[in-house]
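K.L.:
Residue numbers (our numbering), protein chains in the order written: chain A, -16 to 343; chain B, 9 to 298.
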């Protein structure tokens, strides 16, 4: 039977009231994403046995790890959970290979050394075997920590913000490597991140956590395309505008019309009523000069003023005032063509089909 | 020590400003000069008596004093009793300190305060307390008597007194050393299949080693110098309970030179002990703290 990790837990930690249920099949990585304080790490700690929930059930491959009703609590050392800590938590008093060999039992010293070096080789850091963790770079530490977590062949892998301790330059590469590793992994993996892009990159599925509850779960593109709430939309990187529905889509009317707070109207293929949040991803928004001809009612066209122009990689983020703040992500060529600069008046254009309407 | 602060450092106050340099520059330098002067005064005051012991003794007298059988007896007794006492303190105090450092429970603050109380207890009070608890008429005296254990006026009594006065030093140092160990290291060890005992032995103790060694040095130093509680609880019998500090006191009225020579020996032994523990801690500490 494929080991499935299932957790259903309720607990209070400080002001947080956590109540979640999740299942992670083998060979699957579920990314728990949410802002700090949402309870992500608490879930990982409960699954690993480092924290005892108030109530609920946790099991892996049919073996109960925690059962509040039956007073079952398996100690963390008996669960066999690989845990990658946020700052990696490598033992500073042990060399790299001894860190990796720490979880290996019933082997001779030579066998433990061989197995540790084999794992380090797999992560391309075998040359560091005799070094101390204190002398390693962030990326090297992350690989050693991964090798250490995988050494005892864990039944589940838990990763707490695996990339957040890295600088921006090594994060991209480490993220791709981690993605490849997770794809090869045979056991369930549970990953925690505050960054939706990271969750989308590493998770087969993403569960968005807010205030101790899972507010939506699904594949990342699905969440981005159909956010269940303004919070999820905002979290997935969309721009969220507020307004109220003035005409809902029905049999005759193909589009819902939303009057934005502060002025302007937006059309969407979604239905809705009353006060709503309207969201759109910055890369769906294009900019045109104010004198350009209208492209039809299937598009939203709103006059806006450029507030800021920021280069992000090979794209440019343009901050706009509708007057509600809106962000467009355009190419450097568009910036030159439209002579974008703060104060410039433009028209922000995006499709009604790319506009999400969620109740507020 | 109050003299160090009260007396104006001679260099800073009188000589320097009149030396002819630009007054503004010297006005800015008065505070560092004051700091150095304070350190110099403290160093002189604290080192002088120790230095005087050696200046007054002379190497020849030192060797002669070591030849004296009663001196060697006291020294031997001191080394044996302090070693046993520190061994007991480490064996019991280290796990107790680990518990205090890693768990929160109700009444923890009270427990810590009670454990630290002997630190501020006058030695005479400690001696009376030990007699009241473990002496023949003490609350546990009858029980110990039934078990055939005699402490008062026995070498074992010396060990009991030494443990009592030195344990808080190790407990305090070990507790803060364990508290400084990254909790995630302990958690990582658990997730890697190590139980609590293995985590303690393989991660917590090695990581806390510099702090633990400092605790051992402090406890050992305190035990070597212990005087009051030992005198009151175990008495001062040559070869049985007369440790070096007691032997020094025993002599100083009749044989000041002998007392001086024995003092010099105690200083050397204490300094050697302190130094070796510190060096040991530094070797391991450099790695653990990385």
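Glycine included, C-beta positions come from ideal geometry on N, C-alpha and C.
(1) Can you have a look at residue 101 of chain A and say buried or exposed, based on whether 16 or more other CB atoms are within 10 angstroms of its CB?
(2) Quick one: is residue 185 of chain B near chain A, going by C-beta distance under 8 Å?
(3) Hey, residue 89 of chain B and residue 173 of chain B: beta-carbon distance below 8 Å or not?
(4) Rounded to the nearest angstrom, how far is the Cβ of residue 254 of chain B from that of residue 241 of chain B, given a contact under 8 Å?
(5) Assess, as a yes-or-no matter, whether the region 186 to 193 of chain B is touched by the region 270 to 289 of chain B under the definition of 3 or more beta carbon pairs within less than 8 Å.
(6) Can you pull the chain A residues whose beta carbon is under 9 Å from the beta carbon of residue 195 of chain B, in chain order?
(7) State buried or exposed for residue 74 of chain A, treating a residue as buried only when at least 16 other CB atoms are found within 10 Å of its CB.
(8) Can you give me the C-alpha to C-alpha distance between residue 294 of chain A and residue 300 of chain A, rounded to a whole angstrom?
(9) Given that residue 153 of chain B touches chain A, what residues does it touch there, using C-beta distances under 9 Å?
(10) Quick check for students: name the residue ranges of the beta strand (DSSP E) that lie wholly in the region 296 to 343 of chain A, counting only runs of 3 or more.
(11) Say whether chain A places a C-beta atom closer than 8 Å to the C-beta of residue 275 of chain B.
(12) Spell out the partners DSSP gives residue 258 of chain A in its beta bridges.
(13) Check for me: the beta strand (DSSP E) holding residue 48 of chain A runs from which residue to which?
(14) Using a C-beta to C-beta distance shorter than 7 Å, which residues of chain B count as neighbours of residue 86 of chain A?
(15) Alpha carbon to alpha carbon, how far is residue 59 of chain B from residue 248 of chain B?
(16) Return yes when the C-beta of residue 182 of chain A is under 7 Å from any heavy atom of the ligand FAD, and no when it is not.
(17) Any beta-carbon of chain A closer than 8 Å to the one on residue 214 of chain B?
(18) Can you look up residue 248 of chain B in the DSSP assignment and give me helix, strand or coil?
(19) For residue 273 of chain A and residue 328 of chain A, I'd like the C-alpha separation in whole angstroms.
(20) Going by DSSP in three states, residue 243 of chain A sits in which element: helix, strand or coil?
(21) What does residue 211 of chain B reach in chain A if we use C-beta pairs closer than 9 Å?
(22) Could you tell me which chain A residues have their CB closer than 9 Å to the CB of residue 290 of chain B, listed as they occur along the chain?
(23) Is it buried or exposed for residue 113 of chain A, if we count other Cβ within 10 angstroms and need 16 for buried?
(24) Pull out every residue of the region 127 to 147 of chain A whose Cβ sits closer than 9 Å to any Cβ of chain B, in chain order.
(25) In terms of residue numbering, what span does the alpha helix (DSSP H) encompassing residue 180 of chain B cover?
(26) Could you tell me the distance, in whole angstroms, from the CA atom of residue 162 of chain A to the CA atom of residue 225 of chain B?
(27) Along the chain, where does the beta strand (DSSP E) containing residue 94 of chain A start, and where does it finish?
(28) Between the alpha carbons of residue -12 of chain A and residue 192 of chain A, how many angstroms are there, rounded?
(29) Would the beta-carbon of residue 5 of chain A fall within 8 Å of that of residue 190 of chain A?
(30) For residue 282 of chain A and residue 332 of chain A, which I take to be in contact (beta-carbon distance under 8 Å), what is that distance rounded to the nearest angstrom?
(31) Where do the N-terminal and C-terminal ends of the beta strand (DSSP E) with residue 0 of chain A fall, by residue?
(32) Are residue 182 of chain B and residue 123 of chain B touching if we call contact CB-CB under 8 Å?
(33) Please report the straight-line C-alpha distance between residue 148 of chain A and residue 277 of chain B, rounded to a whole angstrom.
(34) Does residue 192 of chain B get closer than 8 Å to chain A when you measure Cβ to Cβ?
(35) In the structure shown, what three-state DSSP assignment does residue 236 of chain A receive?
P.N.:
Let me lay it out:
(1) exposed
(2) no
(3) Not closer than 8 Å, so no.
(4) In fact, because the Cβ distance is near 12 Å, the residues do not count as touching under 8 Å.
(5) no
(6) 28, 31, 33, 59, 66, 68 and 72
(7) Taking a 10 Å sphere around the C-beta of residue 74 of chain A, we find 16 or more other C-beta atoms and assign the residue as buried.
(8) Taking the straight line from one Cα to the other gives about 6 Å.
(9) Within 9 Å Cβ-Cβ: nothing; residue 153 of chain B doesn't reach chain A, min ~45 Å.
(10) 298 to 304, 308 to 314, 328 to 334 and 339 to 342
(11) no
(12) In the DSSP output, where bridge partners are listed per residue, residue 258 of chain A has A:227.
(13) 46 to 50
(14) 200 and 201
(15) 31 Å
(16) Questions concerning the ligand FAD fall outside what the structure shown contains, since it holds no ligand whatsoever.
(17) yes
(18) coil
(19) 7 Å
(20) strand
(21) 74, 76, 77 and 85
(22) Within chain A, no residue comes near residue 290 of chain B; the closest Cβ sits about 14 Å away, beyond 9 Å.
(23) exposed
(24) 128, 131, 132, 134, 135, 137 and 141
(25) Its alpha helix (DSSP H) spans residues 163 to 187.
(26) 51 Å
(27) Segment 92 to 105 is the alpha helix (DSSP H) holding residue 94 of chain A; no beta strand (DSSP E) there.
(28) 18 Å
(29) yes
(30) 5 Å
(31) -1 to 7
(32) Contact: no.
(33) Each residue's alpha carbon lies about 49 Å from the other.
(34) yes
(35) coil
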